[in-house]
Ligand SMILES: [Zn+2]
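Below, the structure is given as structure tokens:
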């Protein structure tokens, strides 16, 4: 402000940022008995929320934009599986699948000791497999995290302020 009470620099207009264009996805839900059912609105919103949060990180944006630019890309299939005590994905490029449990916290080793990966972090990890086609194990001799953790999970979780995973 100057002494007259006027702002010297014009304030930026209060225009909201354009919402990210999310990749197309479809989803299937399996309940705790393993039965498939129609996804509910909260299930869809959760997938949208996590895709947005991933897209808001530089690495997340990169892998999603890269996948979307590929002519063979038709979308992501998210299998929401409430019984599954893990996460997994299918690396087939034309038809990337991830299977994921919104209630599952994966145990991880962090620099400050044992921790738990949040469900959104597990989602981001699986998306790394599905879209960037990075694996966990090619250089696994010492239990070091593989390319999927290093290239995708770490920068995305790091942008959220979450600690790195130091072993796999
Ligand atoms: Zn993995």
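In the working numbering, the protein residues as written are 60 to 227.
The C-beta atom is built at its ideal place from N, Cα and C for all residues, glycine as well.
Check                                                                                                             : Outcome
Short Cβ contact (8 Å threshold) for residue 149 with residue 189                                                 : yes
Pocket of ligand 1 (residues with CB nearer than 6 Å to any heavy atom), chain order                              : 184, 188, 195, 207
Residue of 141, 127, 116 minimising C-alpha distance to residue 88                                                : 141
Cβ-Cβ separation, residue 84 to residue 137 (assumed contact under 8 Å), whole Å                                  : 6 Å
Cα-Cα separation between residue 211 and residue 161, rounded to whole angstroms                                  : 19 Å
Residue 217, buried or exposed, once every other Cβ within 10 Å from all chains shown has been counted against 16 : exposed
For residue 140, the residue or residues it bridges with in DSSP                                                  : 89
Burial state of residue 118, where buried means 16 or more other Cβ atoms lie within 10 Å                         : buried
Burial state of residue 114, where buried means 16 or more other Cβ atoms lie within 10 Å                         : buried
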